[in-house]
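Here is the structure we will look at.
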């Protein structure tokens, strides 16, 4: 049992070593234009890197919830890089897995979503970074009101991707309890808040992993879940892009939460969302159990974030970090590059309940080529660091945390070693591992960068 979290806890029977790379940042002497590179700035540098060792996924899962995984198909524990949150002691962090190993295989010209280990249950994982190794200290499975695993399976037919077996040949059942968890913060009472991509939803979880409430958009009409489902989020979020719901989550000093929609909404249609550079942040009050503000966030052009990419649909927000009162770091990324921007959440930028939350508004917020010119109070940004220009930063950074006054910790999502396509598993149904490891990277920022 972790000394930091009260209440009964299931723990792993053995510790796991792993390494973590830490990413470095570039500081600014002066705030440059949002799309410009830092000028007159000292370079940030990676000061440490650690890697998670190999732990069989079946062993990990069955230690938490016996009998849930009968065949892990050679997959190791991974995917804990969905987020990173300080656990109190130096070098210790809370992380969270996503829905588990998954991929895509094209069948008759259509991509099918595969779940090679359908019994996997998302978990909150506490880690310690020591030298070049990451050690698992504790793990908490996510369970329903009756103590059953929530699973990571798709929720609703017609809204979420249909789940299939590892070879995309056999359909699996939908599960309204399923969660594709991403961001994590820990509240003062020891409970956790998570965000999910399916709903999208904000999930309140007890210290021992039981789902206390799942906040979803109005009109989602999710039936059959074995925990309270509360339709407290704006209905406009029903237009989230598939697999691009909430991914970033931050906790402000006063306790309010900030949720980031990973990508622009598909409003009025998928094509508009794919071409858009405008997404949304929401402010949620745990005290009032309601969204209290909404903000328009504008991505930089995709070739500015990632000079090797020309498709704006590859832009995502994967992490948001509170760095002061109403002040955030926002990670804009593709799978190959990432930049951290600082924003302030001002009252004048709130668009909650206005015309941009009405899905009949035409053109939609997402369709505006220049939202600010159309009267939308888009959040101002200040570039803090271009991680793509810092040596030693892994691809696909999804979790960022403050690890000291001028230090960041970064964690990447290794997708459980999964790749897409019918070559992801061999003829015996065993994983052909991608070789990508889960790493935590410490980054020293120049003085005054934050």
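Numbering (this note's numbering), first residue to last: 16 to 465. Glycine residues also receive a C-beta, built at the ideal position from the N, C-alpha and C atoms. Bear in mind that the values here come from a model prediction, so they are computed numbers and not experimental data.
- Where does residue 176 sit, in a helix, a strand or coil, going by DSSP? As a position in the chain shown, residue 176 is number 161, starting the count at 1. It is coil, neither helix nor strand.
- Between 137, 135, 152, which lies nearest to residue 143 when the distance is taken from Cα to Cα? Stepping through the chain shown from its first residue, residue 143 is reached at position 128. When only C-alpha atoms are compared, the closest one is 152.
- Item | Those residues which DSSP pairs with residue 295 across a bridge | Within the chain shown, numbered from 1, the residue matching residue 295 stands at position 280. DSSP output for residue 295 lists 311 as bridge partner(s).
- Straight-line CA distance for residue 393 to residue 166? In the chain shown, residue 393 corresponds to position 378, counting from 1. In the chain shown, residue 166 corresponds to position 151, counting from 1. Per the coordinates, the alpha-carbon of residue 393 lies some 37 Å from the alpha-carbon of residue 166.
- Item | C-alpha gap between residue 188 and residue 117, whole angstroms | Here the question's residue 188 lines up with position 173 in the chain shown. Here the question's residue 117 lines up with position 102 in the chain shown. Taking the straight line from one Cα to the other gives about 15 Å.
- Message: How far does the alpha helix (DSSP H) with residue 319 in it extend, from its first residue to its last?
- Response: Here residue 319 is taken as the residue at index 304 of the chain shown, counted from 1. Residue 319 -> alpha helix (DSSP H) spans 317–320.
- Message: If you reduce the DSSP assignment to three classes, tell me which class residue 75 lands in.
- Response: Within the chain shown, the letter at position 60 stands for residue 75. Helix, per DSSP.
- Message: Could you pull the DSSP bridge partners for residue 466 from this structure?
- Response: Because the chain spans 16 through 465 in this model, residue 466 falls outside it and cannot be assessed.
- Query: For the candidate residues 353, 138, 308, 419, whose alpha-carbon lies nearest to that of residue 103?
  - Reply: Here residue 103 refers to the residue found at position 88 of the chain shown. Comparing Cα-Cα distances from residue 103 to each of 353, 138, 308, 419, the minimum goes to 419.
- Taking the DSSP output, what are the residues bridged to residue 126? Stepping through the chain shown from its first residue, residue 126 is reached at position 111. For residue 126, which the question treats as bridged, DSSP gives the partners 121.
- In the DSSP assignment, find the alpha helix (DSSP H) that holds residue 286 and state where it starts and stops. On the chain shown, residue 286 is found 271 positions in, with the first residue counted as 1. Taken as a continuous stretch (DSSP letters only), the alpha helix (DSSP H) holding residue 286 covers 285–290.
- Query: Which residues in the same chain have their Cβ closer than 7 Å to the Cβ of residue 318, if we skip the five residues on either side of it in sequence?
  - Reply: Sequence index remark: in the chain shown, residue 318 carries index 303 (1-based). Only 324, 325 meet the Cβ criterion.
- The beta strand (DSSP E) enclosing residue 110, as first and last residue numbers: Within the chain shown, numbered from 1, the residue matching residue 110 stands at position 95. 107–111 is the span of the beta strand (DSSP E), which, as asked, contains residue 110.
- Specify, as a first and last residue, the run of the beta strand (DSSP E) that residue 64 falls within. Translated into positions along the chain shown, residue 64 becomes position 49. Run containing residue 64: 60–67, per the beta strand (DSSP E) assignment.
- Query: Can you tell which of 411, 435, 120, 130 has the C-alpha that lies nearest to the C-alpha of residue 452?
  - Reply: For the purposes of this step, residue 452 is taken as the residue at position 437 of the chain shown. Answer by Cα proximity: 411.
- Burial state of residue 285 (16 or more Cβ within 10 Å): Along the chain shown, read from residue 1 onward, the residue named residue 285 stands at position 270. Burial call: exposed.
- With 16 as the cutoff for other CB atoms within 10 Å, does residue 459 come out buried or exposed? Walking along the chain shown from the start, residue 459 turns up at place 444. Residue 459 comes out buried.
- Message: Distance check for residue 135 and residue 193, CA to CA, integer angstroms please.
- Response: If you number the chain shown from 1, residue 193 lands on position 178. If you number the chain shown from 1, residue 135 lands on position 120. Across the structure, residue 193 and residue 135 are spaced so that their CA atoms are roughly 11 Å apart.
- Looking at the structure shown, is residue 34 part of a helix, part of a strand, or coil, going by DSSP? Taking the first residue of the chain shown as position 1, residue 34 is located at position 19. In this prediction, residue 34 has a pLDDT of 33, which is less than 50 and means its spatial position is unreliable; nothing more can be read from the coordinates.
- Message: To the nearest angstrom, how far is the alpha carbon of residue 59 from that of residue 162?
- Response: Reading the chain shown from its first residue, position 44 is the one you call residue 59. Reading the chain shown from its first residue, position 147 is the one you call residue 162. C-alpha separation (whole angstroms): 45 Å.
- Item | Length at least 3, wholly inside the segment 212–277: the beta strand (DSSP E) runs in chain order | Counting only runs of at least 3 residues, the segment 212–277 fully encloses the following beta strand (DSSP E) elements, listed from N- to C-terminal order: 216–220, 226–232, 244–248, 261–266, 272–276.
- If we ignore side chains and look at the alpha-carbon of each, how far apart do residue 175 and residue 215 end up? Translated into positions along the chain shown, residue 175 becomes position 160. Translated into positions along the chain shown, residue 215 becomes position 200. Straight-line Cα distance between these residues: approximately 11 Å.
- Whole-angstrom C-beta distance between residue 229 and residue 243, which should lie under 8 Å: Here residue 243 refers to the residue found at position 228 of the chain shown. Here residue 229 refers to the residue found at position 214 of the chain shown. Sure, about 7 Å apart at Cβ, within 8 Å.
- Spell out a yes or no on whether the segment 337–356 and the segment 399–408 are touching, meaning 3 or more CB-CB pairs, one atom from each, closer than 8 Å. Taking 8 Å as the limit for Cβ pairs, the verdict is that the segment 399–408 does touch the segment 337–356.
- Quick one: grab the DSSP three-state call for residue 363. Here residue 363 refers to the residue found at position 348 when the chain shown is read from its first residue. The DSSP-derived three-state label of residue 363 is helix.
- Between residue 235 and residue 218, what straight-line distance do the alpha-carbon atoms span, to the nearest angstrom? On the chain shown, residue 235 is found 220 positions in, with the first residue counted as 1. On the chain shown, residue 218 is found 203 positions in, with the first residue counted as 1. When rounded, the distance between both Cα atoms is 15 Å.
- So which of 395, 154, 88, 109 has the shortest CA-CA distance to residue 293? Stepping through the chain shown from its first residue, residue 293 is reached at position 278. The option with the nearest alpha carbon to residue 293 is 395.
- Query: By a C-beta neighbour count over all protein chains shown, 10 Å radius and 16 as the cutoff for buried, is residue 444 buried or exposed?
  - Reply: Counted from its first residue, the chain shown places residue 444 at position 429. Burial call: exposed.
- Task: Look at the Cβ atom of residue 456, then the Cβ atom of residue 407, and state whether they are nearer than 8 Å.
- Result: Here residue 456 is taken as the residue at index 441 of the chain shown, counted from 1. Here residue 407 is taken as the residue at index 392 of the chain shown, counted from 1. Going by C-beta atoms, residue 456 is nearer than 8 Å to residue 407.
- Enumerate in chain order the residues of its own chain whose CB-to-CB distance from residue 202 is below 8 Å, with the five nearest sequence positions on each side excluded. Your numbering for residue 202 matches position 187 in the chain shown. Here residue 202 has 208, 266, 270, 301 as same chain residues with Cβ atoms under 8 Å from its own Cβ, once five neighbours each way along the sequence are excluded.
- Message: By alpha-carbon positions, which one of 305, 321, 263 ends up nearest to residue 295?
- Response: One-based indexing of the chain shown puts residue 295 at position 280. Considering only alpha carbons, the answer is 263.
- Run through the segment 420–454 for me and flag every whole beta strand (DSSP E) of 3 or more residues, listed as ranges in chain order. The beta strand (DSSP E) runs of length 3 or more contained entirely in the segment 420–454 are, from start to end of the chain, 422–427.
- Helix, strand or coil at residue 333 according to DSSP, with G and I counted as helix: Within the chain shown, numbered from 1, the residue matching residue 333 stands at position 318. For residue 333, the three-state secondary structure derived from DSSP is strand.
- Message: Is it the case that the segment 305–312 contacts the segment 360–369, given that we only count it when at least three CB pairs across the two stretches are under 8 Å?
- Response: Because the criterion of three Cβ pairs below 8 Å is met, the segment 360–369 and the segment 305–312 touch.
- Task: Have a look at 258, 227, 164 and flag the residue whose alpha-carbon is nearest the alpha-carbon of residue 245.
- Result: As a working note, residue 245 is residue 230 in the chain shown. That would be 227, whose Cα lies nearest to the Cα of residue 245.
- Query: Quick one: Cα of residue 322 to Cα of residue 83, how far?
  - Reply: Position 307 of the chain shown, counted from the first residue, corresponds to residue 322. Position 68 of the chain shown, counted from the first residue, corresponds to residue 83. Computed Cα separation, rounded: 43 Å.
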